[in-house]
Amino acid sequence: MCCLCPERKSSTDPLQQHWQGQKPGTSGLRKAVKVFQQENYTENFIQCTLTGALAEKLTGCTLVVGGDGRYFMTEVADKIVKIAAANGVSRLIIAQNGLMSTPSVSCVIRKYNTDGGIIMTASHNPGGPNADFGIKFNISNGGPAPEAVTNAMYQLTTTITEYKICKDLNADLSTLGEQKFQVDGRQFTVQVIDSVADYVDYMKEIFDFSAIKSYLSSPGVDVLLNSMNGVMGPYVSKVACDELGASPSSIVNCKPLQDFGGLHPDPNLTYAADLVTELKKGNHSFGCAFDGDGDRNMILGKNAFFVNPSDSLAVLANNLECIPYFQRTGVKGLARSMPTSGAVDRVAKAKGLECFEVPTGWKFFGNLMDAGRLSLCGEESFGTGSDHIREKDGLWAVLAWLSVLANKKCSVEEVILDHWKQYGRNFYTRYDYENCESDPAKTMMDNLNKKADDGSLKGQTFSSGGKSYKVAITDNFSYTDPIDKSVSKNQGLRIIFEDDSRIIFRLSGTGSSGATVRMYIEGYESDAATFTRDPQDVLKPLIDIALQISQLRELTGRQSPTVIT
Numbered sequence: 071m072c073c074l075c076p077e078r079k080s081s082t083d084p085l086q087q088h089w090q091g092q093k094p095g096t097s098g099l100r101k102a103v104k105v106f107q108q109e110n111y112t113e114n115f116i117q118c119t120l121t122g123a124l125a126e127k128l129t130g131c132t133l134v135v136g137g138d139g140r141y142f143m144t145e146v147a148d149k150i151v152k153i154a155a156a157n158g159v160s161r162l163i164i165a166q167n168g169l170m171s172t173p174s175v176s177c178v179i180r181k182y183n184t185d186g187g188i189i190m191t192a193s194h195n196p197g198g199p200n201a202d203f204g205i206k207f208n209i210s211n212g213g214p215a216p217e218a219v220t221n222a223m224y225q226l227t228t229t230i231t232e233y234k235i236c237k238d239l240n241a242d243l244s245t246l247g248e249q250k251f252q253v254d255g256r257q258f259t260v261q262v263i264d265s266v267a268d269y270v271d272y273m274k275e276i277f278d279f280s281a282i283k284s285y286l287s288s289p290g291v292d293v294l295l296n297s298m299n300g301v302m303g304p305y306v307s308k309v310a311c312d313e314l315g316a317s318p319s320s321i322v323n324c325k326p327l328q329d330f331g332g333l334h335p336d337p338n339l340t341y342a343a344d345l346v347t348e349l350k351k352g353n354h355s356f357g358c359a360f361d362g363d364g365d366r367n368m369i370l371g372k373n374a375f376f377v378n379p380s381d382s383l384a385v386l387a388n389n390l391e392c393i394p395y396f397q398r399t400g401v402k403g404l405a406r407s408m409p410t411s412g413a414v415d416r417v418a419k420a421k422g423l424e425c426f427e428v429p430t431g432w433k434f435f436g437n438l439m440d441a442g443r444l445s446l447c448g449e450e451s452f453g454t455g456s457d458h459i460r461e462k463d464g465l466w467a468v469l470a471w472l473s474v475l476a477n478k479k480c481s482v483e484e485v486i487l488d489h490w491k492q493y494g495r496n497f498y499t500r501y502d503y504e505n506c507e508s509d510p511a512k513t514m515m516d517n518l519n520k521k522a523d524d525g526s527l528k529g530q531t532f533s534s535g536g537k538s539y540k541v542a543i544t545d546n547f548s549y550t551d552p553i554d555k556s557v558s559k560n561q562g563l564r565i566i567f568e569d570d571s572r573i574i575f576r577l578s579g580t581g582s583s584g585a586t587v588r589m590y591i592e593g594y595e596s597d598a599a600t601f602t603r604d605p606q607d608v609l610k611p612l613i614d615i616a617l618q619i620s621q622l623r624e625l626t627g628r629q630s631p632t633v634i635t
């Protein structure tokens, strides 16, 4: 082993200005690839991530590194290795070729008891040279960095003048095993692992694979799993085909591609339209799609019967006894993000369980899990997970659904209809207006916040389509963490009516440019005669009222949403 010496390199641009806008959101820093490719831009953020997230723990620490395989990931993985070595990191545990799903990163962080990990992903955003890239840090519990950590990282990006790098260190990420280097008199180890094997071994501890395998071989059961050319392909292939005996024809788009094969790797009815089309043919009893980094999922039944993510969470909460993991651990509590429908709240009440309403962002569930107060949680944005790790987990959710189906011996649609008969139906829809101009979107939110602050909407009655709704509460959601008492404000504008119907507006932080306006509509019905109606029809009066109150069309110029969920 030769001894490598770290270098200190000026991190400023030719004008000696600090990079602006490197503030991580709920899921790290996401920008266009071309932004990350600017000289020193990525190096700066990696240095600030290491220093800000780990501080005095940086020297001698062990970190996990992986990503979703999107364009520019290979180059960034190399930069992370070189910069980590120069900063005194003792060991990097890296997936072979850098490919590791976000839930698998969380799994590996926890399994190897590391100090955290760096994930190279822009999640469900498109990939390719003209698309998006992202970097986020997960802490030692396996979950996304809390705001105190991301704030520390961001502050460093505003003052950084140099970063450390071992430019001559070259690690082979294609070969499993350990590679050792001497860096400034210290040993630096790069451990390349098979992350699929680690993750699958854990899933076999959680679920009864033999029961699921038996179910999949039953007459009339035919599944179709779509990885959308994201990182989940190897995981799905290993689990579905090698472990559960599904036919290779049951899995599609399983080769991870840098541009996701031109697909938009967001598992919803719009961007996974090919899956919807195939399920409509009636040849498959169960279908699912995953996003680019594998933490999101969409569930479909026969004839493309759509399972709203809010209902998916509630159904799983009502049937956790079907999963061996919860038979052993018990169910400690349930939680949902604020925009997610209240369907799971009804399950929690019936079962006498705590139910938490938190802001959007998986990091808010982590404290509750670590404190032993939360077992299952989810977000309406196609994310579901449990306390087995500290990230949402797409494949876990699919295995959970298959466990329920294997136990109940009925179809997806029958499971959902039985659930509605027991609890009633929280009709729900989300309208996404993507890539809006930022200023008009901000004006709309400012106007809504002003109405919430001055109380001018409270007590007003709005009518549409023969239905009337009286406003009971208007606010911008604020959350006090029951564990660490931290406060998160301005998490979404809520208009709550006297019958518990809700209208919610948020500006999303998951895009790399412009603004995405999200409009959420929810209304509860206990009349079984309504249960099979289209949510767009049932909720149309509320949708019209939401557009009227917000002036969304007038202010943004957008007459229709990009995506309807």
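Just add 70 to wherever you are in the sequence shown, counting from 1, and you've got this note's numbering.
Even glycine gets a Cβ: it sits at the ideal position worked out from N, Cα and C.
Residue burial classification, residue i (beta-carbon count within 10 angstroms, cutoff 16)
i              : result
glutamine 561  : buried
proline 318    : exposed
proline 409    : buried
aspartate 278  : buried
asparagine 338 : buried
leucine 133    : buried
cysteine 480   : exposed
threonine 580  : Any reading at threonine 580 needs caution, since the residue's pLDDT is 49, under 50, leaving its predicted position unreliable; the model's value is listed next. Result: buried.
proline 552    : exposed
glutamine 492  : exposed
serine 244     : exposed
leucine 609    : buried
glutamate 126  : exposed
aspartate 569  : exposed
Residue i - containing alpha helix (DSSP H), residue span
i              : result
leucine 472    : 464-478
cysteine 118   : 111-124
lysine 512     : 508-524
leucine 423    : No alpha helix (DSSP H) holds leucine 423; DSSP gives it neither H nor E.
isoleucine 150 : 143-156
arginine 588   : Careful: arginine 588 lies outside any alpha helix (DSSP H), inside the beta strand (DSSP E) at 585-595.
asparagine 546 : Where asparagine 546 is concerned, there is no enclosing alpha helix (DSSP H), although the beta strand (DSSP E) it sits in stretches over 537-546.
Residues of its chain near residue i, where Cβ-Cβ distance is below 6 Å and the 5 sequence neighbours each way are ignored
i                 : result
serine 596        : Gly494
phenylalanine 396 : Leu390
serine 538        : Thr531
arginine 572      : Ile566, Glu592
glycine 98        : Gly204, Ile205, Lys206
cysteine 425      : Leu404, Asp415, Ala418
alanine 467       : Asn367, Thr454
valine 135        : Ile150, Leu162, Ile164, Ile188
asparagine 195    : Asp202
alanine 384       : Ala413, Val414, Val417
Alpha carbon of residue i to alpha carbon of residue j, nearest angstrom
i                 : j              : result
aspartate 336     : glycine 362    : 7 Å
phenylalanine 376 : lysine 350     : 11 Å
glutamine 621     : methionine 514 : 7 Å
alanine 156       : methionine 170 : 24 Å
alanine 420       : proline 379    : 20 Å
glutamine 117     : alanine 147    : 13 Å
asparagine 477    : isoleucine 230 : 56 Å
arginine 140      : proline 304    : 15 Å
glutamine 257     : valine 159     : 9 Å
glutamate 483     : leucine 472    : 13 Å
alanine 192       : glutamate 504  : 16 Å
arginine 180      : aspartate 457  : 12 Å
serine 288        : glutamate 313  : 16 Å
Contacts around residue i, its chain only, beta-carbon distance under 7 Å, and the 5 residues preceding and following it disregarded
i             : result
aspartate 502 : Thr586, Arg588, Pro631, Thr632, Val633
alanine 511   : Leu577, Ala585, Val587, Thr626
Limits of the unbroken beta strand (DSSP E) element including residue i
i                 : result
serine 407        : 404-407
lysine 206        : 202-208
threonine 259     : 256-263
valine 401        : Per DSSP, valine 401 belongs to no beta strand (DSSP E) and is neither H nor E.
leucine 295       : 293-296
isoleucine 574    : 572-578
phenylalanine 601 : No beta strand (DSSP E) holds phenylalanine 601; DSSP gives it neither H nor E.
Proximity test, Cβ basis, 8 Å: residue i and chain D
i             : result
glutamate 595 : Protein chain content of the structure displayed is limited to a single chain, and chain D is not contained in it.
Whether residue i touches residue j by CB criterion (8 Å)
i            : j             : result
leucine 239  : threonine 121 : no
cysteine 358 : valine 474    : no
leucine 294  : serine 265    : no
alanine 667  : threonine 499 : An answer regarding residue 667 cannot be provided, because it is not within the stretch 71 to 635 covered by the chain.
proline 394  : serine 558    : no
Chain-order list of residues whose beta-carbon lies under 8 Å from that of residue i (same chain, five-residue window excluded)
i                 : result
glutamate 461     : Thr172, Pro173, Val175, Ser176, Asn208, Gly212, Gly213, Pro214, Asp365, Trp432, Gly455
serine 556        : Pro216, Glu217, Ala218, Thr550
phenylalanine 614 : Position check: residue 614 holds aspartate in this sequence, whereas phenylalanine was assumed. These residues qualify, in order along the chain: Ser534, Gly535.
threonine 119     : Ile188, Ile205, Phe207, Met223
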